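**Q** Quick note: the sequence shown uses the numbering used here, first residue 515, plus one each step. Just passing along the structure, written as structure tokens.
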Amino acid sequence: MPDSPVSGAGIASEHAAPADLAVLGLPENLMTAPEAADRMWGMAEEISDASVPERWSASTEHPDMWMDPGDDPRFANPETDGERANLLDYLRGYRLTMEMKCAGLDADQLACRSVPPSTMSLLGLVRHMADVERRWFRQVMAGADAPPLYWSDDVPDADWNGAAADPEVVERAWRDWRDEVAFADAWLAGAEDLSMLGTTQDGNSVALREVLVHMIEEYARHCGHADLLRERIDGRVGQ
């Protein structure tokens, strides 16, 4: 991988960036202010201790892959044709990715907030996506009166903060997520028109096409988080 533009004589050394930005009339921010940079580097050093696992991959062919392509269930589908088929296949693939990133871990590992100071954990991610699936397919598109599973005005970020290292919490999270995915898939099977509209909580209309694109974006973003969370837990790498 090419050297980062902030390596070498960048943030960590002479703090040249803030002065250069001032000449350009650009504001300083967390990444350019010298004091903030010092704190960031200090934090990175604090969490880089002997407990950091060695990186490894289950692939015998490509060290940057999760497993060998022939064994990867995300590649099991034949070539898709058409907008609907492509959207659904991308959604299927990202759902599988989230499951695979959690595979083989116990409750303590799944609940581990492995990239401090973030409150994210893989278990929190499963709980979060159960509510995301529920909101967009059950509430918005199907119009069901279905309260959130975890979100609460009284307990902010309950999906993340309630992700305790308890086998029963883990079991419920997976059950909730799979129930919502099953509902979404069943509903989608009867929804032939990508232009059909759902209604959001604020009364606006949204097309199924847009919901599917948003769900793909939501999973893709959080699967990137899952890459880092999993690698910090046991060192396993792979897309």
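C-beta: ideal position from N, C-alpha, C; glycine also. Please read all numbers here as calculations on a predicted model, not as lab measurements.
Which residues in the same chain have their Cβ closer than 8 angstroms to the Cβ of G607, if we skip the five residues on either side of it in sequence?
**A** For this step, residue 607 is matched to residue 93 along the sequence shown. So the qualifying residues of the chain are R588.
**Q** Where does T611 sit, in a helix, a strand or coil, going by DSSP?
**A** Locating residue 611 in the sequence shown gives position 97, counting from the first residue. DSSP places T611 in helix when its eight states are reduced to three.
**Q** Among the residues of its own chain, which have a CB less than 7 angstroms from the CB of D680, if the five just before and after it don't count?
**A** Counting from one through the sequence shown, the residue named residue 680 turns up at place 166. Contacts found: A621.
**Q** Within this structure, are the beta carbons of A677 and L637 separated by less than 7 angstroms?
**A** By 1-based counting over the sequence shown, the position of residue 677 is 163. By 1-based counting over the sequence shown, the position of residue 637 is 123. The answer is yes: Cβ separation under 7 angstroms.
**Q** Quick check: K615 and A734, are their CB atoms within less than 7 angstroms of each other?
**A** The count along the sequence shown starts at 1 and reaches residue 615 at position 101. The count along the sequence shown starts at 1 and reaches residue 734 at position 220. Cβ atoms of K615 and A734: not closer than 7 angstroms.
**Q** Quick one: Cα of E559 to Cα of D716, how far?
**A** Residue numbering aside, residue 559 sits at position 45 when the sequence shown is read from its first letter. Residue numbering aside, residue 716 sits at position 202 when the sequence shown is read from its first letter. Because the pLDDT of E559 is 40, which lies under 50, any placement of that residue in the model is unreliable, and the number read from its coordinates should be weighed accordingly. If I take the Cα positions, the gap works out to 45 angstroms.
**Q** Buried or exposed: where does E568 fall if 16 or more other Cβ atoms within 10 Å of its Cβ makes it buried?
**A** Numbered from its first residue, the sequence shown carries residue 568 at position 54. Exposed, because fewer than 16 other Cβ atoms sit within 10 Å of the Cβ of E568.
**Q** Please state whether the Cβ-Cβ distance between D699 and A644 is less than 7 angstroms.
**A** Along the sequence shown, read from residue 1 onward, the residue named residue 699 stands at position 185. Along the sequence shown, read from residue 1 onward, the residue named residue 644 stands at position 130. Not closer than 7 angstroms, so no.
**Q** Between the C-alpha atoms of S635 and Q653, what's the straight-line distance to the nearest angstrom?
**A** Taking the sequence shown and counting its residues from 1, one reaches residue 635 at position 121. Taking the sequence shown and counting its residues from 1, one reaches residue 653 at position 139. Going by the C-alpha atoms only, they are around 26 angstroms apart.
**Q** Classify H736 as buried or exposed, calling it buried when 16 or more other Cβ atoms lie within 10 Å of its own Cβ.
**A** Counted from its first residue, the sequence shown places residue 736 at position 222. With 16 or more other Cβ atoms within 10 Å, it is buried.
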